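Chemist: I'd like to ask some things about the structure below.
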C-alpha cells in the first residue's frame with residue numbers, strides 16, 4: 081500500500097477520497113518531522129514519496145500496519161477496523 085486511504089461509515093464518506101486506480105494520491109495522511117534535522121516525511125509512501133531505509137506493510141483481518149525506518153527513526157502506523165458495524 082502507498083499509505084493513503086479513506087474512512088466510511090455505512091454509505092457516508094467520513095474523509096475525502098477519489099477512486100482512481102492510476103493514482104493513489106487522495107486520502108488521509110500522517111506526517112512526521114525530525115525536530116533535530118527538520119526533515120519530514122509521511123507515514124506511508126504517499127503523498128511525500130521518497131525511499132525509506134526500510135518499509136513493510138502487513139494486512140490482517142482487523143488491521144493494516146506500516147512499519148518503516150528513516151535514518152535512526154523507526155515508526156509504526158496501525159489502522160484498526162472495529163468489528164462492530
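Numbering (the working numbering), first residue to last: 81 to 165.
For glycine and all other residues, C-beta sits at the position ideal for the given N, C-alpha and C.
Computed from a prediction, not measured in an experiment: that's the story for all the values here.
Short check: CB of residue 135 to CB of residue 148, under 8 Å?
Modeler: Here residue 135 is taken as the residue at index 55 of the chain shown, counted from 1. Here residue 148 is taken as the residue at index 68 of the chain shown, counted from 1. Yes, the Cβ-Cβ distance between residue 135 and residue 148 is below 8 Å.
Chemist: In angstroms, rounded to a whole number, what distance separates the CA positions of residue 150 and residue 87?
Modeler: Working through the chain shown from its first residue, we reach residue 150 at position 70. Working through the chain shown from its first residue, we reach residue 87 at position 7. Each residue's alpha carbon lies about 27 Å from the other.
Chemist: Taking the alpha-carbon positions, what's the residue 93 to residue 161 distance?
Modeler: Counting from one through the chain shown, the residue named residue 93 turns up at place 13. Counting from one through the chain shown, the residue named residue 161 turns up at place 81. Whole-angstrom Cα-Cα distance: 15 Å.
Chemist: Are residue 146 and residue 131 close, meaning C-beta to C-beta below 8 Å?
Modeler: Here the question's residue 146 lines up with position 66 in the chain shown. Here the question's residue 131 lines up with position 51 in the chain shown. No, the pair does not count as a contact, with Cβ atoms beyond the cut-off.
Chemist: Shortest alpha-carbon distance to residue 129 belongs to which of 111, 115 and 164?
Modeler: For this step, residue 129 is matched to residue 49 along the chain shown. Checking every option, the nearest Cα to that of residue 129 belongs to 111.
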